[in-house]
Amino acid sequence: MSDTVIRLENISYQYEAKPVLENVNLEIKRGDFMGLVGPNGGGKTTLIKIILGLLKPDTGKVFLLDQPIDHFHDWNRIGFVSQKANTFNKGFPATVYEVVALDLTAKIGYFKFFRKKEKEKILAAIDAVDMGAYTYQNIGNLSGGQQQRVFIARALVNEPELLILDEPTVGVDHQNVARFYDLLHKLNIENNLTLLLVTHDTGAMTEHATNIVCLNKTLHFHGKSAEYSALSPEQLSAIYGHPVQIVVHDHE
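Here our numbering runs 1063 ahead of the position in the sequence shown, where the first position is 1.
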């Protein structure tokens, strides 16, 4: 089995004749915690959509778990968490257990009863994100940070090998953001879960991620977090197109 989870070869994409991505080459290895950073409009979300098969690149090839994306069908091996905390309908009448069960229901089929094995998977996913005490509470009563933990549990219930998160801390308060990153670090280390996280929080990324990719239409940086932290403000400003520097928050 290859160590490569995602491989992108010469990916380019344009929207209405405007280049969004240009000749992007990237490999993500099994066990990586990859932070994808860059300015607004730099192509981060577009790249995620291409990886998830929601957009087809104009040029280039995408490989997921050693398979060309056109032949890839094992989507339960890839989990996805989007910006839900700031848009979720708090009146949605479902418990934490029911929300996490949704992805498992889609896998085994609707109108089928969960066996003991499926029930244990649901509870294990909830416990993995430290939300066991809230299992039968209505998700609408939870904080934004707690809801995001539930959405991660829903993505984990199918035991994916890769978890992709697109700006998952938008709308989450500072204290819960710190706990959220601690949870991701735990999943990466203890579960050997490969993570690809899109974020603007470069400080948190350099603290928790193993690798950083900086994207602004093209890849301007791909390396270890410590190497990214060592970039000068002048180098970062050249990448982002405006003055910028890394700020590491004290999460204590």
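Note that CB positions come from ideal geometry on N, CA and C, so glycine has one too.
Checklist line | Cutoff 6 angstroms; reference A1267; Cβ partners in own chain excluding five residues on either side | finding: These residues qualify, in order along the chain: Y1244.
Note to self: Using only the alpha-carbon positions, how far apart do I1141 and Y1160 sit?
What the structure shows: 21 angstroms
Notebook entry, point to check: Buried or exposed: L1071, going by 16 or more other Cβ atoms within 10 Å of its Cβ?
Noted result: buried
Notebook entry, point to check: G1105 and K1287: beta carbons closer than 8 angstroms?
Noted result: Cβ atoms of G1105 and K1287: not closer than 8 angstroms.
Checklist line | Alpha-carbon spacing of L1259 relative to I1091, whole angstroms | finding: 8 angstroms
Notebook entry, point to check: Per DSSP, what kind of secondary structure is G1208 in: helix, strand or coil?
Noted result: helix
Checklist line | beta strand (DSSP E) runs contained entirely in the stretch 1094–1126, provided each spans 3 or more residues | finding: 1096–1100
Next item on the list: Determine the DSSP secondary structure at S1145, reduced to helix, strand or coil.
Entry: coil
Next item on the list: Please work out which residues of its chain come closer than 8 angstroms, Cβ to Cβ, to A1188, disregarding the five sequence neighbours upstream and downstream, and give them in chain order.
Entry: V1163, A1216, R1217, L1219, V1220
Next item on the list: Identify which residue in L1228, V1100, Y1078, A1157 has its Cα closest to the Cα of T1265.
Entry: V1100
Next item on the list: May I ask you to check if the CB of L1282 is nearer than 7 angstroms to at least one heavy atom of the ligand HEM?
Entry: No copy of the ligand HEM occurs in the structure displayed, which carries no ligand at all.
Check: Do you know how far the Cα of F1096 is from the Cα of I1328?
Finding: Because the chain here runs from 1064 to 1315, residue 1328 falls outside it and cannot be looked at.
Note to self: Rounded to the nearest angstrom, what separates L1046 and G1195 at their Cα positions?
What the structure shows: Nothing can be reported for residue 1046, as the shown portion of the chain is limited to 1064 through 1315.
Notebook entry, point to check: Across which residues does DSSP place H1136 in a beta bridge pair?
Noted result: None; H1136 has no bridge partner.
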